[in-house]
Every structure is written in structure tokens, then in C-alpha cells.
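Note sheet for the following structure.
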Amino acid sequence: MLSENMTNDFDFLKDKALELDATDCKIISVDDIYVENRIPLKCRVGCVGYGKKLTCPPYVPTPNEFREILNEYEYAALLKFKSPAKADDETVCSIYKNWLDPKVEKNLKLKAEKFWNEYFDYSNEIHKKMLELEKKAFNQGYPLALAFVNGSCRLCKTCNLKEKICIHPSLARLPEHAVGINMIKTAKVAGMELKFPFSEQPEPMTILLID
């Protein structure tokens, strides 16, 4: 755990995070970031976007590669936001990408579509906010600060996989889970609970590496 004096050095980041509508921001040691090989395995077996974006597996550093990168940093800012997406039923949150399944009741499909569209629209806003926070750290003398984003990149409708070159390199950022960060465990150690599955109003979290 970091001392209060150490975290006070990053008050400028916490202030900026709150200005950007984060509901909480804590400075943690990178030693308290949990990186696990099983996290991107979930991308491979459970995500419809696997292999379709340059910011996601298998095009990003593996957990083992990322652990070496993480060792070159000292601190991180862990942020929590509150999504405007609201659901009155946990089932609504659980049927992502099943809107066309004939077994799912029509009214529930419409609710799920509305919920997930609002959730992902706000994920795009979090992406912009994290870039602003990264810029703030850069301008305060931390040129290697690096933002991660909540959920996969949505800058382009279709990723430029054919050439394997991102067309928005200054804007695109990786989702934390893509490199193996276990956000549930990391948040718990930081005293910032992250709940799954979502219920009612999600509180997405993300992270900024600082050095």
C-alpha cells in the first residue's frame, strides 16, 4: 500500500478524474495490479470480438509480456465511473448479443438493446476521458503515462486488420482485460468494489499507468 504522502503527489490526477465525472479515483502501486493468464482466455472463448480488433487479443501483449512492461512502472490510477445505462432486471444485462435469438422474449430484447447501446455509448465517453487524463499526466511530467479503456475499442466500425496497422494510433487504447488485468481482484484490493454481473446501473472501471 502507498503512503498518504505518496498518493498526495498525484492529487492533480484525482482532481482531474473527478472533473471528468469519475465517481472515485485511487492511486495504487503496480504491485497491487493482478495480471492473470486466464483473463484473455475469456476473450478467446467468450467474446464475439476476439481476433477482430488490433487492440484485443491475439494482437496485444500476452499477460507474460505485459507483466514485464508493468514492472517498468511504479504507480497507477484506478478509476470508477457510473454509466447512465439502467436495467430493472439482471437478465437484461446478461443477454448481450442475443437480441436475435428467437428464444428471447421480444420486450426483453428491446430492453437489452437499449441498455447495451447506452452502456457502450458511455464506454466511448470513458475512452475520451481517459485520453484527457493521460494528457494531464503527460503535461505534469509523466510522459510514459498510459491509459487503458473500459471495453474494446470502438473508434472504427471495422478494424484495419487487413494491413494490421491502426488508423488511429494516437487515440486507440487497450482494454485492461486484453493484457490480463483482473480488474475485479485489483479493485477489491484497492477498496473499490467491481460487481459482476451488472445490476441496475453499472459502474465501469479502468486504469492509468503512471511513471
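6 is the number of the first residue of the sequence shown in the working numbering; add one for each residue after it. Here a beta-carbon is modelled for each residue, glycine too, at the ideal position from N, C-alpha and C. Bear in mind the structure is a predicted one, so any value in this text is a computation, not a measurement.
Min CB distance residue i to chain D below 8 Å
| i | result |
| --- | --- |
| Cys61 | In the structure shown, chain D cannot be found, because there is only a single protein chain. |
Bridge-paired residues (DSSP) for residue i
| i | result |
| --- | --- |
| Leu23 | Bridge partners of Leu23: none, in fact. |
| Ile212 | Leu83 |
| Pro180 | Val154 |
| Cys30 | Leu84 |
| Val40 | Ile186 |
Which listed residue (the options) has its alpha carbon closest to that of residue i
| i | options | result |
| --- | --- | --- |
| Tyr39 | Lys85, Ala183, Glu205, Gln206 | Ala183 |
| Glu79 | Leu179, Leu149, Pro180, Glu181 | Leu149 |
| Lys4 | Ile32, Lys162, Glu208 | With the chain represented from 6 up to 216, any question about residue 4 goes unanswered, as that position is not in the structure. |
| Leu59 | Glu208, Asp216, Glu168, Ala195 | Glu168 |
| Ser34 | Val53, Arg49, Val194, Tyr124 | Val194 |
| Asn129 | Leu151, Ile215, Asp37, Ser157 | Ser157 |
| Leu23 | Leu179, Asp36, Tyr55, Ile131 | Ile131 |
| Pro180 | Ala92, Pro45, Ala142, Leu113 | Pro45 |
| Glu77 | Asp36, Ile170, Gly51, Leu115 | Asp36 |
| Glu41 | Gly196, Phe201, Thr191 | Thr191 |
| Lys133 | Ala177, Asp29, Gly196, Asp20 | Ala177 |
| Ile32 | Cys171, Leu84, Val53 | Leu84 |
| Lys21 | Lys114, Asn144, Cys52 | Asn144 |
Beta-carbon separation (whole angstroms), residue i vs residue j, contact threshold 8 Å
| i | j | result |
| --- | --- | --- |
| Thr211 | Asn122 | Not a contact, Cβ separation roughly 20 Å. |
| Ala224 | Leu213 | For the chain, the structure presents residues 6 to 216; residue 224 sits outside this window and is missing. |
| Lys119 | Gln206 | At roughly 14 Å, the Cβ-Cβ gap does not stay under 8 Å, so Lys119 and Gln206 are not in contact. |
| Pro62 | Arg49 | 7 Å |
| Ala152 | Leu138 | 6 Å |
| Asp216 | Tyr147 | 6 Å |
| Lys108 | Leu18 | Contact doesn't hold; Cβ gap of about 47 Å is too wide. |
| Ala90 | Tyr127 | 6 Å |
Does the count of Cβ pairs from the stretch 66 to 79 and the stretch 184 to 202 closer than 8 Å reach three? yes
Check whether the stretch 12 to 30 touches the stretch 70 to 78, taking contact to mean three or more Cβ pairs, one atom from each stretch, closer than 8 Å. Contact between the stretch 12 to 30 and the stretch 70 to 78 is absent: fewer than 3 CB-CB pairs across the two stretches fall below 8 Å.
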